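Report on the structure given below.
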Amino acid sequence: MRGRLVSFITLCLTINFPLLATERLVVAGGSLTEIVYALGAEDQLVGVDSSSIYPFSATQLPNIGYYRTLNVEGVLSVEPSKIILLSGAGPENVVKQLSRLNTEIVMVDNPKTVAGLIKTIDIIAKETGTETAGKKLIEKIKKEIESLSSMPKLTGKSAAFLMSAGERGLIAAGAETTPSLIFDSLNISNPFSELKGFKPVSAEALAKNAPDIILIASHTTQEQNIESLCKTAQLKLWSSIKGCNLVKIDSLKYLGLTPRLPQAIAETRELF
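Quick note: the sequence shown uses my numbering, first residue 18, plus one each step.
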């Protein structure tokens with residue numbers, strides 16, 4: 018009798034084993050990949066897009082290309098069972114083709130607020146089966162932001178964030194961007210707050226508004242040091258007025274809302 022019972026249990030476990038198998042997860046969107054790691058669900062990852070540059074171990078995973086220019090073959094090459102895409106992922110026809118296959122697709126909105134970040138973490142936690150870790154992460158972020166909010170606000174300070182400052186011109190952060198949220202939380206004035214999203218601005222406009230400090234994305238300026246950047250045609254007018262008060266910052270931390278938002282706020286505050 019005991020032998021039959023053991024055989025029956027073994028059979029049940031064998032039948033149900035696929036349900037217990039680890040998800041084969043592909044994530045397209047650097048901020049989403051960072052959340053997966055923060056939740057401790059990185060063992061489910063079999064591929065990420067090229068914007069997934071943090072943590073470093075994410076860059077060692079199979080790369081499916083940039084999330085806005087995906088191709089079906091690249092995504093399917095890692096045999097995913099689930100694909101999580103940041104809104105804006107595409108092209109649209111590729112997403113449609115993937116949706117017709119036997120692979121679950123989850124599209125996640127790009128968060129613009131702290132509430133949006135919390136919602137995103139909650140979604141990723143549910144999709145990866147890490148709800149408990151998700152609740153802990155959300156609580157940690159809330160406490161850190163609350164602690165930062167209780168500190169005295171800065172007064173009379175201004176800053177601009179540049180995504181790039183190359184030969185093609187300046188691209189600055191306006192409203193509804195992560196830099197804007199960070200600046201607002203610290204009461205820092207953004208001279209380009211009337212713009213929405215990331216928009217081109219002129220060297221003359223930058224000099225006229227003369228922000229106290231400029232933060233610039235590290236991924237677009239890797240081969241240039243601060244001194245040489247301040248001497249470029251795009252920045253020399255501003256630097257002649259304010260000095261070379263230019264700071265390279267972690268691109269992903271400032272271009273998308275991630276669990277490192279409290280750290281980004283604290284680091285920005287320290288610059289003043």
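No residue lacks a Cβ here, since even glycine has one placed at the ideal position from N, Cα and C. Keep in mind that this is a model prediction, so the values were computed, not measured.
When DSSP builds the beta bridges, which residues end up paired with residue i?
{"i": "A45", "result": "L102"}
{"i": "E193", "result": "Answer is none; E193 lacks a bridge partner."}
{"i": "S181", "result": "I188"}
{"i": "E148", "result": "Its beta-bridge partners do not exist; DSSP assigns none."}
{"i": "P217", "result": "I188"}
{"i": "E59", "result": "According to DSSP, which records beta bridges pairwise, E59 is partnered with nothing at all."}
{"i": "L232", "result": "F178, V264"}
{"i": "S206", "result": "S175"}
{"i": "G107", "result": "Paired residues: none, contrary to the question."}
{"i": "V65", "result": "V44, N80"}
Tell me the DSSP secondary structure of residue i in three-state form.
{"i": "L198", "result": "helix"}
{"i": "S94", "result": "coil"}
{"i": "K153", "result": "helix"}
{"i": "L270", "result": "Just to set this straight, residue 270 is Lys in the shown sequence, not Leu. Three-state result, K270: helix."}
{"i": "P35", "result": "Legend: pLDDT at P35 = 40, less than 50; position of this residue unreliable, no value from coordinates given."}
{"i": "N80", "result": "strand"}
{"i": "T275", "result": "coil"}
{"i": "T130", "result": "coil"}
{"i": "E211", "result": "coil"}
{"i": "I70", "result": "coil"}
{"i": "E51", "result": "helix"}
{"i": "E121", "result": "strand"}
{"i": "N88", "result": "coil"}
{"i": "T238", "result": "coil"}
{"i": "A75", "result": "helix"}
{"i": "A142", "result": "helix"}
{"i": "A250", "result": "coil"}
{"i": "A222", "result": "helix"}
Got a sec, what are the start and stop residues for the alpha helix (DSSP H) residue i sits in?
{"i": "A281", "result": "278-287"}
{"i": "I15", "result": "No information on residue 15 is available, as it lies outside the stretch 18 to 289 that the chain covers here."}
{"i": "I258", "result": "253-259"}
With distance defined between alpha-carbon atoms, name the residue in the options nearest to residue i.
{"i": "P228", "options": "K170, L252, K153, I100", "result": "L252"}
{"i": "G173", "options": "E161, I205, T195", "result": "I205"}
{"i": "S69", "options": "Q61, Y54, D60", "result": "Y54"}
{"i": "L278", "options": "V95, K225, I138, S104", "result": "I138"}
{"i": "A177", "options": "E59, L134, V43, T285", "result": "T285"}
{"i": "G273", "options": "E121, K136, F289, P128", "result": "P128"}
{"i": "V95", "options": "T120, G64, K170", "result": "G64"}
{"i": "W255", "options": "T237, G191, T86, N226", "result": "N226"}
{"i": "F66", "options": "E287, I52, T86, D60", "result": "In the sequence under discussion, the amino acid at residue 66 is Asp, which differs from the Phe named in the question. Taking only the C-alpha atoms, the option nearest D66 is T86."}
{"i": "I52", "options": "E287, A283, G107, T275", "result": "T275"}
{"i": "S164", "options": "I122, R117, L78, L203", "result": "L203"}
{"i": "A283", "options": "N80, L154, V92, L171", "result": "L171"}
On the premise that residue j lies in contact with residue i, defined as a C-beta separation below 8 Å, what is that separation, rounded to the nearest angstrom?
{"i": "I101", "j": "L49", "result": "6 Å"}
{"i": "E40", "j": "S98", "result": "6 Å"}
{"i": "G57", "j": "A150", "result": "6 Å"}
{"i": "P217", "j": "G183", "result": "About 12 Å; that fails the 8 Å criterion."}
{"i": "Y83", "j": "G47", "result": "Y83 to G47, Cβ: 10 Å. No contact."}
{"i": "A234", "j": "S210", "result": "A234 to S210, Cβ: 18 Å. No contact."}
{"i": "N207", "j": "S219", "result": "The Cβ separation is near 16 Å, so there is no contact."}
{"i": "L103", "j": "V125", "result": "6 Å"}
Can you give me the start and stop residues for the beta strand (DSSP E) that residue i sits inside?
{"i": "S167", "result": "Counting along the chain, S167 falls outside any beta strand (DSSP E), and DSSP gives it neither H nor E."}
Would a check of beta-carbon distances place residue i closer than 7 Å to chain B?
{"i": "E244", "result": "The question asks about chain B, but that chain is absent: this structure has only one protein chain."}
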